[in-house]
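Enquirer:
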Amino acid sequence: MSEKSEIIFMQVRLLRIASEKWNIPIPAAAALFEQYDIFSFIEDCYDVFHMEGDDAVFSEIKTLLKCKGVEPDAAVI
């Protein structure tokens with residue numbers, strides 16, 4: 020599998036995790052990821068992220084969103 024395919028696979032896995040953890044539909048999670056550039060964040064940090072588990076990467080995503088003033092765990096999106 021190419022690195023680009025692995026990045027896309029990771030983005031999709033994390034999108035599904037976000038949808039499940041935040042109890043929102045996948046399209047709503049995708050809109051949030053798009054609005055706050057999470058897909059690019061995953062791609063840009065892939066070299067480090069591919070060595071971590073999905074839970075650790077999801078934690079990084081939540082931290083980034085908190086820094087941007089978004090707390091999806093605390094509210095329905």
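Remember, the working numbering sits 19 above the position in the sequence shown when you count from 1.
For each residue, glycine too, the CB sits at the ideal point set by N, CA and C.
1) Report the CB separation of D63 from L33 in whole angstroms; it is logged as a contact under 8 Å.
2) So S8 packs on I27, CB below 8 Å; how close in whole Å?
3) To the nearest angstrom, report how far apart I57 and M20 are at their CA atoms.
4) Please work out which residues of its chain come closer than 6 Å, Cβ to Cβ, to V31, disregarding the five sequence neighbours upstream and downstream, and give them in chain order.
5) Is the beta carbon of K87 less than 8 Å from the beta carbon of Y55?
6) Return the CA-CA distance between S78 and P91, expressed in angstroms with no decimal places.
Expert: So, from the listed chains and residues:
1) In the sequence shown, the residue the question calls residue 63 occupies position 44. In the sequence shown, the residue the question calls residue 33 occupies position 14. The Cβ separation is near 14 Å, so there is no contact.
2) Nothing can be reported for residue 8: it is not among the residues displayed for the chain, which extend from 20 to 96.
3) As a first step, residue 57 must be located in the sequence shown, where it is residue number 38. As a first step, residue 20 must be located in the sequence shown, where it is residue number 1. Their Cα atoms are separated by approximately 22 Å.
4) In the sequence shown, residue 31 corresponds to position 12, counting from 1. For V31, where only same-chain residues beyond five positions count, there are no Cβ hits under 6 Å.
5) Here residue 87 corresponds to residue number 68 of the sequence shown, with the count starting at 1. Here residue 55 corresponds to residue number 36 of the sequence shown, with the count starting at 1. For K87 and Y55, yes; Cβs fall inside 8 Å.
6) Sequence index remark: in the sequence shown, residue 78 carries index 59 (1-based). Sequence index remark: in the sequence shown, residue 91 carries index 72 (1-based). So the alpha carbons of these two residues sit roughly 12 Å apart.
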